[in-house]
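K.L.:
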Amino acid sequence: MSLLRPILKRLITNFRRVAVIDDQRTYTYGRLILGAFYFSRLLKRTTEKPHVGLMLPTSGAFPLAVLGCWLAGRIPVPINYLLNKDEMGHVIADAGIDTIFTVGKLLEFIDASGIPDGIRVVKLEEQAAHFKGIPPLRFPPKPGSEDLAVILYTSGTSGKPKGVELTHGNLASCVLACMSHARVDRHYTFLGVLPQFHSFGLTALTLLPLYAGATVVYTARFMPRKIFSLMKEHKPNVFIAVPSMYGALLAAKNAELENVASLQFAVSGGEPLPAAVYDGWKDQLGIELCEGYGLTETSPVTNWATPWAKARGSVGQALPGVRNIIVDDQNNVLPTGQEGEILIVGPVIMRGYHGLPELTAEVIFELKLPGEDKPVRAFRTGDIGKLDEQGMLYITGRKKEMLIIGGENVFPREIEEVLNQHPGVGACAVVGRPDPTRGEVAVAFVEVKEGMSAEAFDTAEARDFLRQRLAQFKVPREVRVIDKLPRNPTGKILRRELKAD
Numbered sequence: 063m064s065l066l067r068p069i070l071k072r073l074i075t076n077f078r079r080v081a082v083i084d085d086q087r088t089y090t091y092g093r094l095i096l097g098a099f100y101f102s103r104l105l106k107r108t109t110e111k112p113h114v115g116l117m118l119p120t121s122g123a124f125p126l127a128v129l130g131c132w133l134a135g136r137i138p139v140p141i142n143y144l145l146n147k148d149e150m151g152h153v154i155a156d157a158g159i160d161t162i163f164t165v166g167k168l169l170e171f172i173d174a175s176g177i178p179d180g181i182r183v184v185k186l187e188e189q190a191a192h193f194k195g196i197p198p199l200r201f202p203p204k205p206g207s208e209d210l211a212v213i214l215y216t217s218g219t220s221g222k223p224k225g226v227e228l229t230h231g232n233l234a235s236c237v238l239a240c241m242s243h244a245r246v247d248r249h250y251t252f253l254g255v256l257p258q259f260h261s262f263g264l265t266a267l268t269l270l271p272l273y274a275g276a277t278v279v280y281t282a283r284f285m286p287r288k289i290f291s292l293m294k295e296h297k298p299n300v301f302i303a304v305p306s307m308y309g310a311l312l313a314a315k316n317a318e319l320e321n322v323a324s325l326q327f328a329v330s331g332g333e334p335l336p337a338a339v340y341d342g343w344k345d346q347l348g349i350e351l352c353e354g355y356g357l358t359e360t361s362p363v364t365n366w367a368t369p370w371a372k373a374r375g376s377v378g379q380a381l382p383g384v385r386n387i388i389v390d391d392q393n394n395v396l397p398t399g400q401e402g403e404i405l406i407v408g409p410v411i412m413r414g415y416h417g418l419p420e421l422t423a424e425v426i427f428e429l430k431l432p433g434e435d436k437p438v439r440a441f442r443t444g445d446i447g448k449l450d451e452q453g454m455l456y457i458t459g460r461k462k463e464m465l466i467i468g469g470e471n472v473f474p475r476e477i478e479e480v481l482n483q484h485p486g487v488g489a490c491a492v493v494g495r496p497d498p499t500r501g502e503v504a505v506a507f508v509e510v511k512e513g514m515s516a517e518a519f520d521t522a523e524a525r526d527f528l529r530q531r532l533a534q535f536k537v538p539r540e541v542r543v544i545d546k547l548p549r550n551p552t553g554k555i556l557r558r559e560l561k562a563d
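Numbered by the working numbering, the letters in the sequence shown go through residues 63 to 563 in order.
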């Protein structure tokens, strides 16, 4: 099973229909399919390597390049252009690529020093000669379900970025399940700002709308005023973003009902959605944000709350064909309502980490389920959660981030949820610090709300605020104010970079 031929069929069927509107131009479905064949020719004339680097802004150029890679029988490797020099060099070397396709304006925007000497950098705007004349039309290949489709590098939440190998079957299973679960069809319009090197940007905002025959509006930079302007102009049905983006949008001056009236799905994913952001969107804009869940290793979407099937605080039910299994530390399946580690079972699980079989074996294993004859292939998410009677999944913490304070398990998310309700807190993160008497204590880092000075924030008062709402042992030993919390390119807070010692 592969998306290549079905997507090409959509491109031909909807030849004159608008597929993509980005910051530079409008692409019809016909322009995309012709561009993909042109790119395929350029690719074959440029490199013989099986893996191809794509360093492109969120735009119509990205789906064109991905389809062109598949037409040429190559594997696209989307590169996170916001990585530091060492991380970018590691990704390029680890993927074994010798050529990166990009655009000049992006190279001006980023630190390109991470691209090692000897790597061929091809600027698409300088290749006009390859995008003229009759494209080299040919019968497209038919990749198998187990054939590698893409290598996506994680943003390095622990150690160096890891290459996640997703097959054509992985991506097709996820896209088809999303379409069925969320009832997506050609009449939808998506608004996309997430980078397409990110798994959600690739699957949910690139492949899904293409397969559905829908229209997607892209903008390369997240600017709240522009996002609302695009919503007002293009009237999208679907907007997918991370919680920090929703928080910034809520604070924008043009956060008005008329600008979001078209939204049927406002989907939040990537990290926990603070209650203050959820309540703000509901009270101020009349929109209930729907949380989604997934990981790069699961293609990525596994759960998606929809307007007709949601519960407050839940990331929704599993997609068709996907199962959430909750287990204890000995891999015993836990009953409904009991917290444990979340395992994912289904066709969306990655083939493995590129060149890292031992690490792959740590997260993917055969699990024997009660009442089933054959073991299933299960993926360890490292997240802690529980299921309710309706199959709604609730994420309650991160296994590796769990603190043990005086023998009690404490998840940073619980403290952060309360601290985010403080009127002066724009965003926060909680980490642990070794303590000789209690094992660990919590330390909170706070980014104050826009318009408020760091000096005006009373950390002692913030601890009193928490003390009135949390058990005493959960109250952070310290509350520290910093200018900006460290984040990855999609806005997810990186706790590992916060030093509490």
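For each residue, glycine too, the CB sits at the ideal point set by N, CA and C.
Note that the coordinates shown come from a computational prediction; the quantities given were computed from them, not determined experimentally.
Considering only the beta carbon of each residue, do residue 151 and residue 130 sit closer than 7 Å?
P.N.:
Going by C-beta atoms, residue 151 is not nearer than 7 Å to residue 130.
K.L.:
At 3 residues or longer, what runs of the beta strand (DSSP E) sit wholly inside the region 320-345?
P.N.:
Fully enclosed beta strand (DSSP E) runs of 3 or longer: 327-330.
K.L.:
What are the partner residues of residue 300, as DSSP defines its beta bridges?
P.N.:
Bridge partners of residue 300: 252, 327.
K.L.:
Specify, as a first and last residue, the run of the beta strand (DSSP E) that residue 209 falls within.
P.N.:
Segment: none, residue 209 is in no beta strand (DSSP E) and carries neither H nor E.
K.L.:
Just the C-alpha distance for residue 556 and residue 98, rounded to the nearest angstrom, thanks.
P.N.:
Rounded to whole angstroms, residue 556 to residue 98 spans 36 Å at the Cα level.
K.L.:
With residue 414 and residue 426 assumed to form a contact (beta carbons below 8 Å), what rounded beta-carbon distance in angstroms separates them?
P.N.:
The pair is a contact, with the Cβ atoms about 7 Å apart (cut-off 8 Å).
K.L.:
Which residues does DSSP list as the beta-bridge partners of residue 501?
P.N.:
Looking at the DSSP assignment, residue 501 forms a beta bridge with 497.
K.L.:
Tell me whether residue 148 sits in a helix, a strand or coil according to DSSP, three-state version.
P.N.:
Reduced to three states, the DSSP call for residue 148 is helix.
K.L.:
Would you decide whether residue 218 is buried or exposed? Buried here means 16 or more other CB atoms lie within 10 Å of its CB.
P.N.:
With a pLDDT of 48 at residue 218, under the threshold of 50, the modelled position of this residue cannot be trusted; read the value that follows with caution. Classification for residue 218: buried.
K.L.:
Assign residue 220 to one of three DSSP states: helix, strand, or coil.
P.N.:
Because the pLDDT of residue 220 is 48, which lies under 50, any placement of that residue in the model is unreliable, and the number read from its coordinates should be weighed accordingly. In this structure, residue 220 counts as coil in the three-state DSSP scheme.
K.L.:
Out of curiosity, what's the CA-to-CA distance linking residue 73 and residue 216?
P.N.:
Roughly 30 Å between the two C-alpha positions.
K.L.:
Give the secondary structure of residue 136 by DSSP, where H, G and I count as helix, E and B as strand, and everything else as coil.
P.N.:
Correct three-state label for residue 136: coil.
K.L.:
Give me the residue from 344, 495, 523 with the minimum Cα distance to residue 481.
P.N.:
The option with the nearest alpha carbon to residue 481 is 523.
K.L.:
Which residue marks the beginning of the beta strand (DSSP E) containing residue 449, and which one marks its end?
P.N.:
Its beta strand (DSSP E) spans residues 438-449.
K.L.:
Return helix, strand or coil for residue 557, following the three-state DSSP convention.
P.N.:
In the structure shown, residue 557 sits in a helix (DSSP, three-state: H, G or I).
K.L.:
Considering only C-alpha positions, which residue in the set 499, 78, 139, 526 is nearest to residue 158?
P.N.:
Ranking the options by Cα distance to residue 158, first place goes to 139.
K.L.:
Under a three-way DSSP split, which group does residue 100 fall into?
P.N.:
Reduced to three states, the DSSP call for residue 100 is helix.
K.L.:
What does a CB cutoff of less than 7 Å around residue 314 pick up in its chain, not counting 5 residues either side in sequence?
P.N.:
Around residue 314: 286, 287, 290.
K.L.:
Would the beta-carbon of residue 547 fall within 7 Å of that of residue 504?
P.N.:
For residue 547 and residue 504, no; Cβs fall outside 7 Å.
K.L.:
Considering only C-alpha positions, which residue in the set 376, 368, 149, 361 is nearest to residue 231?
P.N.:
Measuring from the Cα of residue 231, the nearest candidate turns out to be 361.
K.L.:
Pop quiz: residue 85 and residue 282 are said to be a contact at Cβ under 8 Å. What is the actual Cβ separation, rounded to whole angstroms?
P.N.:
Correct: roughly 6 Å between the Cβ atoms.
K.L.:
How is residue 117 classed by DSSP in three states: helix, strand or coil?
P.N.:
Looking at residue 117 - three-state DSSP - the assignment turns out to be strand.
K.L.:
What are the start and end residues of each continuous beta strand (DSSP E) run of 3 or more residues lying completely inside the region 459-542, in chain order?
P.N.:
If we require 3 residues or more, the beta strand (DSSP E) runs fully inside the region 459-542 come out as 465-467, 470-472, 487-497, 501-510.
K.L.:
Could you give the DSSP three-state label for residue 232: helix, strand or coil?
P.N.:
Residue 232 falls in the helix class under three-state DSSP.
K.L.:
Does the beta-carbon of residue 208 have 16 or more other beta-carbons within 10 angstroms, so that it is buried, or is it exposed?
P.N.:
Residue 208 is exposed by the Cβ-count criterion.
K.L.:
Could you check where the beta strand (DSSP E) with residue 429 kicks off and where it finishes?
P.N.:
Run containing residue 429: 426-429, per the beta strand (DSSP E) assignment.
K.L.:
In terms of residue numbering, what span does the beta strand (DSSP E) encompassing residue 162 cover?
P.N.:
161-164 is the extent of the beta strand (DSSP E) around residue 162.
K.L.:
Short check: CB of residue 164 to CB of residue 182, under 7 Å?
P.N.:
The answer is no: Cβ separation not under 7 Å.
K.L.:
Would you mind stating whether residue 408 and residue 374 have Cβ atoms separated by less than 7 Å?
P.N.:
Not closer than 7 Å, so no.
K.L.:
Residue range of the alpha helix (DSSP H) that residue 368 falls in?
P.N.:
It is not in any alpha helix (DSSP H) - residue 368 carries neither H nor E in the DSSP assignment.
K.L.:
Between the Cα of residue 186 and those of 174, 204, 108, spot the shortest distance and give me the residue it belongs to.
P.N.:
Residue 186 has its Cα closest to that of 108, out of 174, 204, 108.
K.L.:
When you compare only the Cα positions, how much space is there between residue 79 and residue 319?
P.N.:
Going from the Cα of residue 79 to the Cα of residue 319 covers about 29 Å.
K.L.:
Across the region 416-431 and the region 366-382, are there enough close Cβ pairs to call them in contact, namely three or more that are closer than 8 Å?
P.N.:
As far as the Cβ criterion goes, the region 416-431 does not touch the region 366-382, which means the pair count is below three.
K.L.:
Taking the alpha helix (DSSP H) that residue 274 belongs to, which residues open and close that run?
P.N.:
From DSSP, the alpha helix (DSSP H) with residue 274 extends over 270-274.
K.L.:
Return the CA-CA distance between residue 90 and residue 213, expressed in angstroms with no decimal places.
P.N.:
Their Cα atoms are separated by approximately 27 Å.
K.L.:
Residues in the same chain with beta-carbon distance under 8 Å from residue 461, minus the five sequence neighbours each way, listed in chain order, please.
P.N.:
403, 444, 445, 446.
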